[in-house]
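As structure tokens, the structure follows; a few thoughts come after it.
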Amino acid sequence: MLPQRLIESLVGLFLIFSLIALSVLAFQVSGLTSLFPKQSYVVTADFDDIGGLKVRSPVKIGGVQIGEVAKIGLDPVSFKAVVNMRIYHQFNDIPDDSSAGIYTSGLLGDNYIAITPMYNTTFLKNGSKIEMTNSAMVLEKLIGQFIYNIKNGSDNGDKKDAKQ
Amino acid sequence: MIDRFSMVGHWGIDNLRCFGKAGILFYRVLFYAPNFRKGFPLVAQQVYSEGVLSLLIIIVSSLFIGMVLALQGYHTLAKFGASQELGPLVALSVVRELGPVVAAILFAGRAGSAVTAEIGLMKATEQISSMEMMAVDPLHRVISPRFWGGFISMPLLTIIFNATAIYGAYLVGVKWLGVDAGIFWSNMQSSVEFHADVVNGILKSIVFGIAVTWIAVFQGYFAVPTSAGIASATTRCVVYASLAVLGLDFVLTAMMIGEW
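Note that the protein sequences, when read in sequence, are chains A and B. Using the working numbering, the first residue of the first sequence is number 1, and each one after it goes up by one. Using the working numbering, the first residue of the second sequence is number 1, and each one after it goes up by one.
Rendered as structure tokens:
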């Protein structure tokens, strides 16, 4: 049996070692940043259809992440989706007539919000609302429209043939 | 015919008594905890013998599990041109499932069996009854420190297991197969969540730690005090602990996927 003092220090080493492993897991593996939240302000936008947007989906300008989706709700009157976005404080010079759209990264990737900046000299601030929005492009709707168009096109062609 | 029925009934009542005894033991270990000043050195000794001495098998096996996962995952993902997703694949499967489960099963084999054998031998050589004769409660002196030692070491071992497995995957994926290091880590960070994945994995390991040490302590304390009895108690400890870990894992995963 080892002396008690040595055992206790070995156990202490074990504890420290596992704490280091935990911090590696937290910061290197899961990229934990919510312990030290970045300074940010909240901007809302109403969308007709948000598709597969989720809380913590990224908000981007020109592909660069400038914030994330904080909350998604439903407007009880207009039945539009109300999306609250948390935008990092360092990006505090976005014109307030910018438009927001929901896009998909890659063919089957996740949804994100892209903000297209315009030219106003007043900027978005905490609580302000983005008025111009583009809804998510839902693949099923698109396919539906496409099939509908093909059908109509071929019907018209038949009628033309019949007339001739 | 009646004999058969009575045998079934006897077997059932025996099992029921086993569960009852296990429950009482668990209750007494939990609520008659040793006082801090006297119990601390005993618990530290047990953390040493159950945790520190298990480090070797945990580190080596986790390193190889991470390496194998990366190797297998890379060749499958490369078929779909998705080898940049290697990081999330390895990290999620290790942190959510493989880490807690494999660490618990290794812990049952390495530390649980030792605890059972030690307590069983103490019982066979009548050390436990002589403690009672000296008015030393064997639950305080022997059982409780072993339980708390395992309870403390299990999550720590799991955390170390997770970290080294991901390091093993990094070695194979980045250093050997040539996945870009930045993509490996950034994809991992964007898809692993601390609360939903890492913390839930650690919660699992805490539950497994309780289950494994409870079974080990129970099997040792109620072992038949002969050499054959100790042998079968040790076997049962490892088998039951592994089964309990796998079953509990399913239940816990179902709970965690349903967001509690």
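All C-beta atoms, glycine included, are put in the ideal place defined by N, C-alpha and C. Please read all numbers here as calculations on a predicted model, not as lab measurements.
Inset, instruction - Measure from the C-beta of E8(A) to each C-beta in chain B and report whether the shortest distance is under 8 Å. - result: yes
Legend entry - Bridge-paired residues (DSSP) for M85(A): V43(A) and V69(A)
Inset, instruction - Answer yes or no: does any C-beta atom of chain B fall closer than 8 Å to that of V24(A)? - result: yes
Legend entry - Sequence-distant residues of its chain with Cβ nearer than 7 Å to K71(A) (five each side left out): V55 and N84.
Legend entry - F91(A) - DSSP class collapsed to helix/strand/coil: coil
Inset, instruction - Tell me, please, whether the region 105-112 of chain B touches the region 236-245 of chain B by the rule of three or more beta-carbon pairs shorter than 8 Å. - result: Between the region 105-112 of chain B and the region 236-245 of chain B there are three or more inter-stretch CB-CB distances shorter than 8 Å, so the stretches are counted as touching.
Inset, instruction - Verify the CB distance criterion: does L15(A) have a CB-CB separation below 8 Å to chain B? - result: yes
Inset, instruction - Within 10 angstroms of the Cβ of T234(B), are there 16 or more other Cβ atoms? Answer buried if so, exposed if not. - result: buried
Inset, instruction - Write down the C-beta distance between I119(B) and V217(B) rounded to the nearest angstrom, noting that I regard them as a contact closer than 8 Å. - result: 7 Å
Inset, instruction - For the region 72-102 of chain B, enumerate the residues whose C-beta is nearer than 8 Å to any C-beta of chain A, in chain order. - result: So the list reads A91 and V95, given in the order they occur along the chain.
Legend entry - Cβ-based neighbour list, A91(B), same chain, cut-off 7 Å, excluding 5 preceding and 5 following: For A91(B), where only same-chain residues beyond five positions count, the Cβ hits under 7 Å are I166, M188 and V192.
Legend entry - heavy atom of the ligand SAM below 7 Å from N84(A) C-beta: Among the components of this structure there are no ligands whatsoever, and the ligand SAM is therefore not found.
Inset, instruction - Report yes if the CB atom of M122(B) is closer than 8 Å to the CB atom of I128(B), and no otherwise. - result: Yes; because the gap between Cβ atoms is below 8 Å, this pair is in contact.
Legend entry - P100(B) vs K204(B) beta-carbon contact at 8 Å: yes
Inset, instruction - Would you mind telling me which residues of chain B sit closer than 9 Å to Q4(A), beta carbon to beta carbon, in chain order? - result: P41, A44 and Q45
Legend entry - Any C-beta of chain B under 8 Å from that of A21(A): yes
Inset, instruction - Could you give the DSSP three-state label for T76(B): helix, strand or coil? - result: Of the three classes helix, strand and coil, the one that applies to T76(B) here is helix, per DSSP.
Legend entry - K277(B) versus T213(B): straight-line alpha-carbon distance, rounded: As displayed, chain B neither begins before 1 nor continues past 260, which places residue 277(B) out of reach and without an answer.
Legend entry - Residues from the region 46-58 of chain A in contact with chain B, defined by Cβ distance under 8 Å: Within the region 46-58 of chain A, not one residue has a Cβ closer than 8 Å to any Cβ of chain B.
Inset, instruction - Have a look at Q46(B) and A22(B) and give me their C-alpha separation to the nearest angstrom. - result: Looking at the two C-alpha atoms, the distance is approximately 21 Å.
Legend entry - Residues that G67(A) contacts on chain B, provided the C-beta gap is smaller than 7 Å: Going along chain B, no residue has its Cβ under 7 Å from G67(A), so there is no contact; the nearest lies around 15 Å.
Legend entry - D3(B) versus G9(B): straight-line alpha-carbon distance, rounded: 10 Å
Legend entry - 4 or more residues per run - each alpha helix (DSSP H) lying fully within the region 177-248 of chain B: Qualifying alpha helix (DSSP H) stretches, in chain order: 181-191 and 200-221.
Legend entry - chain E contact residues for V11(A), given Cβ-Cβ distances below 8 Å: The chain inventory of the structure shown lacks chain E, comprising the protein chains A and B.
Inset, instruction - Could you work out which residue in D110(A), K125(A) and I102(A) is closest to T116(A) when comparing CA atoms only? - result: I102(A)
Inset, instruction - Taking 8 Å as the cut-off, decide whether the C-beta atoms of T133(A) and F47(A) are in contact. - result: Yes. Within cutoff.
Inset, instruction - Assign T104(A) to one of three DSSP states: helix, strand, or coil. - result: strand
Legend entry - Residue range of the unbroken alpha helix (DSSP H) whose run includes I132(A): According to the sequence shown, residue 132(A) is Met rather than Ile. Here M132(A) belongs to no alpha helix (DSSP H); instead the beta strand (DSSP E) covers M132 to N134.
Inset, instruction - Per DSSP, which residues does D74(A) bridge with? Please list them. - result: The residue you asked about is not Asp; residue 74(A) is Leu in the sequence shown. DSSP, once it has assigned bridges, lists A81(A) as partnering L74(A).
Inset, instruction - Below 6 Å CB to CB, which residues in the same chain sit around V95(B) once its five sequence neighbours on both sides are set aside? - result: N162, D197, V198 and G201
Inset, instruction - Classify N111(A) as helix, strand or coil using the three-state DSSP reduction. - result: strand
Legend entry - Chain-ordered residues of the region 176-189 of chain B with a beta carbon less than 9 Å from chain A: W185, S186, M188 and Q189
Inset, instruction - Report yes or no: do the region 121-129 of chain A and the region 72-81 of chain A share at least 3 C-beta pairs separated by less than 8 Å? - result: no
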